[in-house]
Amino acid sequence: MAKLESKIPNGPVAEKWTKHKGKINLVSPANKRLIDVIVVGTGLAGASASATLAELGYNVKTFCFQDSPRRAHSIAAQGGINAAKNYQGDGDSTYRLFYDTIKGGDYRSREANVHRLAEVSTNIIDQCVAQGVPFARDYGGLLDNRSFGGVLVSRTFYAKGQTGQQLLLGAYSAMNRQIGRGKIQMFNRHEMMDIVVIDGKARGIITRNLVNGNIERHGAHAVVIASGGYGNVFFLSTNAMGSNVSATWKIHKKGAYFANPCFTQIHPTCIPVSGDHQSKLTLMSESLRNDGRIWVPKKLEDVKAIREGSLKPTEIKEEDRDYYLERRYPAFGNLVPRDVASRAAKERCDAGFGVNKTGEAVYLDFASAITRYGKEQAHVKGLNEDDPILVKKLGQQVVRAKYGNLFQMYEKIVDQNPYETPMMIYPAVHYTMGGVWVDYNLMTTIPGCYAIGEANFSDHGANRLGASALMQGLADGYFVLPYTIGDYLADDIRTGPIDTNHPEFEKAEAAVNAQIEGFLSNHGKNSVDFYHRKLGKIMWDKCGMSRNEKGLRQAIKEINELREDFYKNVNVPGKSNEFNEQLAKAGRVADFLELGELFARDALERTESCGGHFREESQTPEGEALRDDKNFTFVSAWESKGNPSKAKLHKEDLKYEEIEVRTRSYK
Amino acid sequence: MNLTLKVWRQPNSETKGKIETYKIKDVSPDMSFLEMMDVLNEQLMSEKIDPIAFDHDCREGICGMCSMFINGEAHGPDRLVTTCQLHMRKFKDGDTITIEPFRAKAFPVIKDLAVDRSAFDRIQQAGGFVSINTSGNTQDANAIPIDKHDADKAFDSATCIGCGACVATCKNASAMLFVSAKVSQYALLPQGKVEATDRVLNMVNQMDEEGFGNCTNTGACEVECPKGISLENIARMNREYLYASLKG
């Protein structure tokens, strides 16, 4: 059994990272040339880590399942990236970013890691600007900022609604430079099928070439998993279609503990489900809550009329609208954290106030922002501020400049013009705070195997604040892992190339082949998606925005039955030696069917409510989440024992030295 | 609505392909085009026919992975969207829809509608970057003020998603719009100016090596680009290239 040692350095929290960097082992430039590192995934974390490791001199092999590293799903992040630059002079600081992140995470993240994240946040912005990332600027030529949920300062840097795209293309360009130099070997359309552990150390991976089906062995002195989160266990989520848990699940099964699997982020502002054919959900950036006001009608008869199509939302009078976030949380209003906003939307819809056919939608309204901006522009231009048509036109121009691509996306999907009528939104699964357990060096419980970015668990506790995922991905990849990995690799300078003929490679490859053969010879009656959709429904109904003991127990039972049925009755057409998307999907869904059970077990175990994890049994009289710090101030880290029902729970106690643990309030 | 689909089927790059016809019923106008393809694939599998391979990932119009040439247009009849954001409400009951892969010598077919666009990656590897290390030890971000108009223009160029619609649309299968978008982004920013000469020469050189055709200024690429990348970029790249060639 691996030991759960967080390896947090001693000393005051603000000095830990600097001191740690000064003390850890380094690998000399000459020796780095003798060391191979595998990186799985090319999102912000994987691409930035690959680039930096290659610049340092390591031989890097990078893998992605997409046709190009630029397609990784970080590309879809919209709103922005946080950094404690305090360019706005509004009282921001490293400490405040650290504090906001801990509080936002509902006191379930590791203090030392979060402080380090806040420390390096400013470097990220400097780095990205130097790389030519075109962030938004104001007319003086300096960088612009906006606000995100759960904070009272403007620290979010952005590039319209395509911040993730611009940051990822920046990291991709840094990677390309190293691919051109031959320091990174890039494997597109390759899926990691398993990790190879030799004498207790990660020594390589088995991959499948998705074009021709070849099973390949790749050896390395360390393996870095940067494969993102597992939101697709819900089938419908804002993740890309290919996003999967398989890389992290495979290492879990080979000895890496899986932490806090039940901590999932349900994002409040997504486009509602339109029908049974739905294959995925689309996010509308949190940045929209800077200017959009969320409401539902106050009267049920208005709701009915809207659903019947006899009343338009714009016809409802101001006094008949319930701006429920502003009502319940006056201090933060529409910018409360995501978990709070999502639950509040669910509460209103459950009470019958949902505004679309399915009753699962609320309004996000830009009318007052359009008027406010329009008046401001009219004033600046010396035009008539009382001309409503002019004000609307000018206001729409400002809103278009800020959120143009998001409004266009909404219009294409829903076929309504959000400049004229409020958007309809509903919460959807978006991000997973849980992930592979890592120590302060980002190493998993398998020596030599690291997990970075969304794939690990460490920085966001039970709820992630907006614009912090991009920050963590790049922090881990550019500035943390490349240092900490040297501490481990310093012992490997004499190892020499890893022999891929070792029996452990053979064993792993044989197991991969056996699974593929099993799927192809099954000839069942149901498609892979049939099972994925069913699993998603169990997860959403019983492990979604609110959870209770009865539902979770039932979920565990149903997932077990579904998994059994999957192996009996799944149909995977085609052959193994060809481009076969169904086969790739079958492997991914098989892993989701195991993760789903562990997820439910973790949620069952944690009888408190915290962040995105809401247990109905644990709430205040006003319906707010009620934490149980006495019994649950820990990270749950699950050790695999084969079947997820046998997984063993370990606990890492969280100690707060710097921040006083308090009830989170956004009132 | 009920539709007839004529779809390009090709088992792999070595085998010749052909058009197959399929019928699909009860398509909802709210479905995206790819969701319609999902439904079709479920139907094909239940009839023991190999499902149609096509590339897709984010399904929100930003990753650039989906392609498809629909009724003779890259990403179909709608403007400023990728195939994944194209909705069935753009079609009528009884329509026949022809679906082909993006065709170009530099984009060989992998299977059915999926093509190999790795030539794009190799062009980026030839020069689509600023040569600074990622140590974070650069100057403060606000030490480089950039004219907002230039920054906004650079951003517009940088929004290219690398889908290849421009190549598929161009009668010469030229990649000029794609390459010029990256060249422009950096040419407009002070950070990119330092190595502007090498960049444009190397990227254009790689583009030619990959077998993309030349630009004859018909502007079709701009019309079909899902991100509205403008022809101005090509003009800027030509200027940069001319300047770089003279400078040597």
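Residue numbers (the working numbering), protein chains in the order written: chain A, -5 to 661; chain B, 4 to 251. Glycine is no exception: its CB is placed at the ideal position from the N, C-alpha and C atoms.
- Using a Cβ-Cβ cut-off of 7 Å, K151/B is close to R131, D132, Y133 and G135 of chain A, given in chain order.
- DSSP, read as helix, strand or coil, puts A39/A in helix.
- Close partners of L192/B in chain A (Cβ separation under 8 Å): G126 and P128.
- Here N220/B is exposed. Its C-beta has fewer than 16 other C-beta atoms within 10 Å.
- Under the three-state reduction of DSSP, C169/B is assigned to helix.
- In its chain, beyond the 5 residues on either side, A372, L377 and N378 have a beta carbon closer than 7 Å to the beta carbon of L384/A.
- Beta-bridge annotation (DSSP): L643/A is paired with W632/A.
- The continuous stretches of beta strand (DSSP E) do not include F132/B, and DSSP gives it neither H nor E.
- Along the region 37 to 58 of chain A, the positions whose C-beta sits under 7 Å from a C-beta of chain B are S42, A45, T46 and E49, read in chain order.
- Separation of the CB atoms of P416/A and P307/A is rounded to 5 Å, and the pair is thereby assigned contact status at 8 Å.
- Residue environment analysis places G16/A among the exposed positions, since fewer than 16 neighbouring C-beta atoms fall within 10 angstroms of its C-beta.
- Chain A has no Cβ within less than 7 Å of the Cβ of S70/B.
- Scanning its chain for C-beta atoms nearer than 8 Å, with the 5 sequence neighbours on each side dropped, one finds around G398/A the residues K154 and G155, in chain order.
- Contiguous alpha helix (DSSP H) elements confined to the region 417 to 478 of chain A occur at 463 to 468, taking only those with 4 or more residues.
- Beyond the five residues adjoining it in sequence on each side, E602/A comes within less than 6 Å, by CB distance, of S612, R621, D622 and F626 in the same chain, given in chain order.
- Residues of chain A whose Cβ lies closer than 9 Å to the Cβ of P104/B do not exist; the shortest such Cβ separation is about 13 Å.
- Identification of chain B residues near F573/A by a Cβ-Cβ cut-off of 8 Å yields N15, A56, I113, K114 and A117, ordered along the chain.
- Y244/B has a beta carbon lying at 7 Å or more from every beta carbon in chain A.
- Under the DSSP assignment, Y357/A falls in the beta strand (DSSP E) whose first and last residues are V356 to D359.
- Within the model, the alpha-carbon separation for F72/B versus W11/B is close to 10 Å.
- Setting aside the 5 residues that flank it on each side, H215/A is surrounded in the same chain by I29, D30, V31, R197, G442, L483, D486, T489 and I492, each with a C-beta closer than 8 Å to its C-beta; the list follows chain order.
- In the structure shown, I245/A adopts helical secondary structure according to DSSP, grouped into three states.
- DSSP places L8/B in the uninterrupted beta strand (DSSP E) bounded by L6 to R12.
- Scanning chain A for C-beta atoms nearer than 7 Å to the C-beta of Y189/B yields G126, reported in chain order.
- With the criterion set as a beta carbon lying under 7 Å from some beta carbon of chain B, the members of the region 256 to 269 of chain A are S268 and G269, in sequence order.
- Taking a Cβ-Cβ cut-off of 8 Å, T200/B has no neighbours in chain A, whose nearest Cβ is about 16 Å from it.
- Taking 7 Å as the cut-off, the Cβ atoms of V393/A and I419/A do not count as close.
- One thing to note: F59/A has its Cβ no nearer than 7 Å to the Cβ of R527/A.
- Cβ contact annotation for I446/A (same chain, cutoff 7 Å, sequence separation greater than five): A39, A43, V218, A220, L436, D470, G471 and L475, in chain order.
- Residue state for C604/A is assigned as strand, using DSSP reduced to three classes.
- Under the 8 Å Cβ criterion, the region 631 to 640 of chain A does not count as touching the region 7 to 24 of chain B, having fewer than three qualifying pairs.
- Annotated as proximal: A184/B and I232/B, with beta-carbon spacing under 7 Å.
- Within the region 98 to 164 of chain A, the runs of alpha helix (DSSP H) that reach at least 4 residues and sit entirely inside it are, in chain order, 105 to 124.
- The three-state secondary structure of L37/B, taken from DSSP, is helix.
- Residues of chain B whose Cβ lies closer than 8 Å to the Cβ of M235/A are, in chain order, H59, D60, C61 and R62.
- S231/A is positioned such that its CB atom lies closer than 7 Å to that of V423/A.
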